[in-house]
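Here the structure comes first, spelled out in structure tokens, and everything after it is commentary.
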Amino acid sequence: MKILETLTKIISEILKDLGVPNPEVSFEHPGELSHGDFATNVAMRYGKILGKNPREIGEQIVSQISSVQGIEKVEVAGPGFINFFLSPEIFYETISEIDSEYGKNESRKGDTIVVEHSSPNLFKPFHIGHVMNNTVGESIVRLAEYSGAKVLKISYPSDVSLGIGKAVWSLLQKGEGNLSTLETVEEKLNFLGQCYVDGTKAFEESEEIQKEIKEITRKIYEKEEGREFSAYLKGKEINLEYFLGETKRLGSSFHEFIFESEAGARGREIVKENIGTVFQESDGAVIFDGEARGLHTRVFINSEGYPTYEAKDIGLLDIKFSRYNPNTSILITDNEQSSYYKVVLEAAGEIKPEWKEKTIHRTHGRMTFKGKKMSSRLGGVPLASEVLETVGEEVKERLEDKNDTQKIDAISIAAIKFSILKAMAGKNIDFDPETSLSFEGDSGPYLQYTVARCLSIIEKGKGMNLAPRPQKLQDEKVSDLEKYLCRFPEVVEASQKLWEPHHVATYLLILAREFNSWYGNTKILDEENLNVSYNLWLTQSVATTIGNGLHLLGIKYLERM
RNA sequence: GCUUUCGUAGUUCAAUGGAUAGAACAUCGGUUUGCGGUACCGACGAUCCAGGUUCGAUUCCUGGCGAGAGCACCA
């Protein structure tokens, strides 16, 4: 808000006059609205330096500031806080300007931000861990888009590995021709999934097969033409189609894939070029001596000459930076990889400082399930589709129209995504599809419900010939709802700065609660009320704000529930 | 063992170093024949322990205790 700049300037001057050389003035929202709209702690902060009682300093500042335009009241409170109460016009002005763009800013205008997330392991199913990753990643993408930056969405599929060699081996045993007899992507995928399982089993069984699989893996690495490579390509294509389908269902799309095979080749070259400076040889492998730098040592090229994940990540960095020249490159992974990335980024920084400086690594935790046991086709981690199905069953029970699969999906996804995003990223999530924890109270469906309620009221108003208008005709105290409504842009900015979506989630809950509470003791569609049109405007603004906030979380709102 | 993340009501989560630590779920009690009760109002209930820094600590530092994760050719 502009007024804060004015206040900062004035208070800095006053403090300088009092004898503080370089005063830092900051504002915060008091925990309670009754304490004012903003507060500053400078009086307490500089009380000791000046050898004065904080309240005394506060009074001095207050006496010089009470005439500033836009400030209705200033007072010293508690141990020495200076509380500012803004004039109603400031709030009304903000509210009157709320439209579908509300919350967007231009803090990163002109910048390019690359976000890499949802990187799949081809030939392996899309499981709940990918949902976690996708949820956090997509939200960060949207926060970035709200900052005015050019955002490039990248996924980095793992398309070469021993595991894939195993699957291809089994595919060849069964006959790759079988694939074309299957019709849907799902059937094909199930078939490939079975290949993966069988191949893994076979690998354990005989040394002969191990040899064959390693040979196939080598051919895939080297892109050696032949039956193996073309069977692999077929499988890769099906898996990518599957991946795009799963992520689309969750609300994501991508600009480009960067494949691990591509990054691996590039990474190997770069690592080799830097042997002796950044990397060193040890036991036939090429390593980065992390221990010398307080981290841990990792292998970048193994003794067989293949790039490990580490080298591939170096190659990936090179591709990202040379191709897109981003100001910021964000990547999202499981938090198990945080110390791994520290090592990789340390090494990367020694090769090219900007690779480290411009990269931001955000992590997510794991999801565990309470109550209902999640079934899993492959044992272990449940698949995304299985989780959605289980949650969908719960949603169905609460819905009148049990055949609206799109709606069921939207609500299920809202329940899951919100559970992930309301907590700080990096934490493990305990998701419980059975209790109301995921549907009532602090939940995605609660927010969807609130929007639907708002839209329903507006619709009904139309029928009564009442339209939303931003002018308030009758003077009333500025309500808590109105005040919170005005905070959305600053919440978005804080989330963008930290790349932490949960601030948006927390805020939306407060706003929805304020609205529902206001709804509880205000009859909105009351023709007798002079402010009826304004109240409708407020209702519409709440719907818009929550709708935009949900968008930032990658969640769809619904017209009706 | 070393490194790292974390420890807040019975449970799941909040709290740029600030005022009386906020919500939700669960439990208990309510909601004026009113625009969507998946809602609203109320009650009960918490900072792991010990020091330190600070005007002020859930937050920062040190040391314990406890949980998860990572530590050489897997991805």
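Per our numbering, the first sequence starts with residue 52, numbered consecutively.
Note that the Cβ used here is the ideal one computed from N, Cα and C, for glycine as well.
What alpha helix (DSSP H) runs, 4 residues minimum, are completely inside the stretch 111-165?
139-147
7 Å CB neighbourhood of residue 332 in its chain, flanking five on each side removed:
326
Residue 597 by DSSP, collapsed to three states: which one?
helix
Could you tell me which whole alpha helix (DSSP H) segments of length 4 or greater appear in the stretch 512-555?
531-536, 539-549
Go through its chain and collect everything with a Cβ distance to residue 575's Cβ below 7 Å, but skip five positions before and after it.
508, 586, 587, 590
Could you tell me the boundaries of the alpha helix (DSSP H) in which residue 373 lies?
360-375
The alpha helix (DSSP H) spanning residue 388 covers which residue range?
Looking at the DSSP string, residue 388 is not in any alpha helix (DSSP H), and its letter there is neither H nor E.
Can you round the beta-carbon distance between residue 379 and residue 403 to whole angstroms, since I take them to be within the 8 Å contact cut?
At roughly 15 Å, the Cβ-Cβ gap does not stay under 8 Å, so residue 379 and residue 403 are not in contact.
Please state if the CB of residue 468 and the CB of residue 605 are separated by a distance shorter than 8 Å.
yes
If you drop the 5 nearest sequence neighbours on each side, which residues of the same chain put their C-beta closer than 7 Å to that of residue 435?
177, 178, 179, 181, 182, 297
So which of 610, 186, 391, 124 has the shortest CA-CA distance to residue 458?
610
Kindly indicate the opening and closing residues of the beta strand (DSSP E) around residue 177.
Run containing residue 177: none; DSSP gives neither H nor E here.
Does the distance from the CB of residue 113 to the CB of residue 100 come in under 8 Å?
no
Limits of the alpha helix (DSSP H) - the one that residue 267 falls within:
258-273
Can you list, in chain order, the residues of its chain with a C-beta nearer than 6 Å to that of residue 453? Leave out the 5 residues immediately preceding and following it.
447
Residues in its own chain within less than 6 Å of residue 395 by CB, not counting five upstream and five downstream?
361, 364
Per DSSP, what are the beta-bridge partners of residue 231 in this structure?
Per DSSP, none; premise fails for residue 231.
Using alpha carbons as the reference points, say which of 110, 382, 531 lies closest to residue 476.
382
Of all the alpha helix (DSSP H) runs that stay within the bounds of the stretch 176-208, which reach a length of 4 or more residues?
179-196
Which residue from 473, 580, 384 puts its Cα closest to that of residue 546?
473
Nearest neighbour of residue 367, chosen from 198, 79, 208 [CA to CA]
208
Those residues which DSSP pairs with residue 308 across a bridge
206
Among 281, 216, 230, whose alpha-carbon lies nearest the alpha-carbon of residue 266?
216
Taking the runs of the beta strand (DSSP E) that are 3 residues or longer, which of them lie wholly in the stretch 313-352?
331-333, 336-339, 349-352
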